[in-house]
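Structure, as structure tokens:
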Amino acid sequence: MFGIWGHPDAARMTYYGLHSLQHRGQEGAGIVVTDGKRMKGIKGDGLVNDVFDEKKLDSLKGSGAIGHVRYTGKSGIENIQPLLFHSSSGSLALSHTGNLINANDLKHQLEMQGSIFQTNTDTEVLAHLIKRSGYLALKDKVKNALSMVKGAYALIVLTEDELIIAQDPNGLRPLSIGKVGDAYCVASETCAYDLIGAEYIRDVEPGELIIINDEGIHEERFSLSGSHAMCTMEYVYFSRPDSDIRGINIHTARKNLGKQLALEANVEGDVVTGVPDSSISSAIGFAETAGIPYELGLIKNRYVGRTFIKPTQELREQGVKMKLSPVRKVVEGKRVIMVDDSIVRGTTSRRIVRMLKEAGATEVHVCISSPPMTNPCFYGIDVSTHEELIASSHSVEEIREIIGADSLTFLSVEGMLKAIGREGLGKNCGQCMACFTGEYPTEIYPDTPLPYEKEME
Ligand code: SF4
Numbered sequence: 042m043f044g045i046w047g048h049p050d051a052a053r054m055t056y057y058g059l060h061s062l063q064h065r066g067q068e069g070a071g072i073v074v075t076d077g078k079r080m081k082g083i084k085g086d087g088l089v090n091d092v093f094d095e096k097k098l099d100s101l102k103g104s105g106a107i108g109h110v111r112y113t114g115k116s117g118i119e120n121i122q123p124l125l126f127h128s129s130s131g132s133l134a135l136s137h138t139g140n141l142i143n144a145n146d147l148k149h150q151l152e153m154q155g156s157i158f159q160t161n162t163d164t165e166v167l168a169h170l171i172k173r174s175g176y177l178a179l180k181d182k183v184k185n186a187l188s189m190v191k192g193a194y195a196l197i198v199l200t201e202d203e204l205i206i207a208q209d210p211n212g213l214r215p216l217s218i219g220k221v222g223d224a225y226c227v228a229s230e231t232c233a234y235d236l237i238g239a240e241y242i243r244d245v246e247p248g249e250l251i252i253i254n255d256e257g258i259h260e261e262r263f264s265l266s267g268s269h270a271m272c273t274m275e276y277v278y279f280s281r282p283d284s285d286i287r288g289i290n291i292h293t294a295r296k297n298l299g300k301q302l303a304l305e306a307n308v309e310g311d312v313v314t315g316v317p318d319s320s321i322s323s324a325i326g327f328a329e330t331a332g333i334p335y336e337l338g339l340i341k342n343r344y345v346g347r348t349f350i351k352p353t354q355e356l357r358e359q360g361v362k363m364k365l366s367p368v369r370k371v372v373e374g375k376r377v378i379m380v381d382d383s384i385v386r387g388t389t390s391r392r393i394v395r396m397l398k399e400a401g402a403t404e405v406h407v408c409i410s411s412p413p414m415t416n417p418c419f420y421g422i423d424v425s426t427h428e429e430l431i432a433s434s435h436s437v438e439e440i441r442e443i444i445g446a447d448s449l450t451f452l453s454v455e456g457m458l459k460a461i462g463r464e465g466l467g468k469n470c471g472q473c474m475a476c477f478t479g480e481y482p483t484e485i486y487p488d489t490p491l492p493y494e495k496e497m498e
């Protein structure tokens with residue numbers, strides 16, 4: 042998500058912001074802009090570049106804008122954000138990232154009261170809750186709506202005359218504010234600021250609500266902060282290496298994960314290679330600590346999206362074939378230590394191991410810079426269902442055999458916390474690690490939908 046207030050070319054800035062955030066979602070993109078009187082939006086399937094051109098950006102005039110790249114979920118243009126609603130009392134646009142775990146219940150309640158929904162998204166549930174609130178000021182309407190929802194959310198709301206930002210009480214998804222000239226901006230990741238020449242100001246705190254309008258910036262709370270639980274997978278896999286989350290640079294965190302993994306792994310090899318792109322930093326850290334040369338043993342076809350994000354297994358499998366190629370001259374006749382960030386279903390790891398062996402690697406030792414993923418994520422990251430997660434029903438040795446590796450090492454939970462500077466803090470470590478430990482920072486309902494299963498009837 043990206044948002045900006047007080048810039049004469051808000052839509053173009055949002056376009057550049059979304060470009061930097063493209064790795065967070067490739068299924069669709071949208072921008073809504075306000076000129077102070079009217080709001081207009083354009084959205085479509087695919088990458089930011091597929092959706093927008095000069096002409097479309099020129100048609101989005103105004104000094105306030107929000108944008109969104111779509112990660113996963115039900116297909117259909119109506120589900121692409123930002124969602125834009127018009128009414129006699131004014132317009133309202135919403136961008137939301139995360140997953141509202143009680144969205145189904147709220148939707149049923151709203152339907153009983155006469156609401157009609159156009160999308161399958163929980164973002165529309167939020168819009169209804171905001172619009173139906175009896176309060177007069179938008180910030181109070183938003184606060185009232187947020188008091189009813191549970192789960193993970195970073196939220197940006199745009200009207201004709203203000204921008205409102207909120208972060209859930211556990212701070213599960215990253216969100217920060219920045220400044221470019223006199224304009225304030227907000228982004229899911231700090232890498233969006235570099236491209237537009239903005240200066241990072243600070244992260245949005247859990248339970249915080251920030252109002253930005255022509256009078257400036259106003260900070261409030263809508264909830265006392267729960268226990269801070271930033272998604273650990275943001276450090277391991279999801280965020281871009283040049284972003285910082287809570288003062289920690291992602292590349293540095295990943296390098297530390299690789300260094301710690303090298304200390305924990307008992308393997309010998311001739312070369313270390315990382316699975317591009319998210320594991321390169323960890324592989325460099327591993328090689329540095331192990332004293333084994335880092336080599337580019339796998340290259341990525343830049344023009345294929347991330348397999349992890351494709352919505353169906355069939356597309357995921359097609360994607361991985363097109364995506365990676367081994368560098369034969371690097372791996373031929375070598376014992377290869379292959380560093381990857383995670384094993385979800387095991388299919389990708391199996392293919393890569395086979396690919397390296399077919400290219401002549403004599404041994405392939407797989408080292409994973411996170412612990413075994415045994416539990417699904419209910420907070421907006423598509424790490425599959427319980428049944429599909431290979432580590433939820435197989436031992437490390439069984440997984441090694443399935444993926445065809447000569448050895449398999451996962452990083453320990455303690456090692457992961459140490460690498461991201463949260464060692465020894467126990468339950469107060471400030472991280473969500475539920476997919477590794479099963480300890481969810483919020484309550485989970487028996488019918489809590491997984492992000493990509495959300496088919497709210
Ligand atoms: S369960 Fe895992 S992927 Fe989901 S928010 Fe927590 S750490 Fe992130």
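Under the working numbering, the first residue of the sequence shown carries the number 42, and numbering increases by one thereafter.
Note that the Cβ used here is the ideal one computed from N, Cα and C, for glycine as well.
All figures in this text were calculated on a predicted structure; none of them were measured in a lab.
Asked                                                                                                                                                               : Found
Opposite Asp86 in the DSSP bridges: which residues?                                                                                                                 : Gly69
I'd like to confirm something about Thr426: is its beta-carbon nearer than 7 Å to some heavy atom of the ligand SF4, or not?                                        : no
In angstroms with no decimal places, state the Cα-to-Cα distance between Leu250 and Ser136.                                                                         : 15 Å
Pick helix, strand or coil for Ser136, following the three-state DSSP scheme.                                                                                       : strand
Counting only runs that start and end within the segment 258-331, where is the beta strand (DSSP E) found for 3 or more residues in a row?                          : 312-315
So Ser61 and Cys232 are in contact, right, with Cβ under 8 Å, and what is the actual spacing, rounded?                                                              : 5 Å
Quick check on Phe43: does DSSP put it in helix, strand or coil?                                                                                                    : strand
Any idea what DSSP makes of Val166, helix, strand or coil?                                                                                                          : helix
Check Glu498 in the structure and name its three-state DSSP category.                                                                                               : Caution applies to Glu498, whose pLDDT of 28 falls short of 50 and renders its modelled position unreliable; the model cannot decide the point.
For the ligand SF4, I want to know if Met474 counts as a neighbour, meaning its beta carbon is within less than 7 Å of at least one of the ligand's heavy atoms.    : yes
So Arg65 and Val110 are in contact, right, with Cβ under 8 Å, and what is the actual spacing, rounded?                                                              : 6 Å
Taking Ile197 and Ile107 to be in contact with their CB atoms under 8 Å, please state how far apart those CB atoms are, rounded to whole angstroms.                 : 5 Å
What does Asn254 pair with, by DSSP beta-bridge criteria?                                                                                                           : Gly257
Within a Cβ cutoff of 7 Å, which residues of the same chain sit near Leu449, ignoring the five residues on either side of it in sequence?                           : Val407, Val437, Ile440 and Arg441
Would you kindly report the start and end of the unbroken alpha helix (DSSP H) that includes Ala186?                                                                : Leu179 to Leu187
If we ignore side chains and look at the alpha-carbon of each, how far apart do Gly445 and Ala400 end up?                                                           : 15 Å
For Ser132, which residues from the same chain have a beta carbon less than 8 Å from its beta carbon, with the 5 sequence-adjacent residues on both sides left out? : Thr75, Arg79, Met80, Leu125, Phe126, Thr200 and Glu201
Which residues mark the beginning and the end of the beta strand (DSSP E) in which Ile409 is found?                                                                 : Glu404 to Ile409
Is Cys232 helix, strand or coil by DSSP?                                                                                                                            : helix
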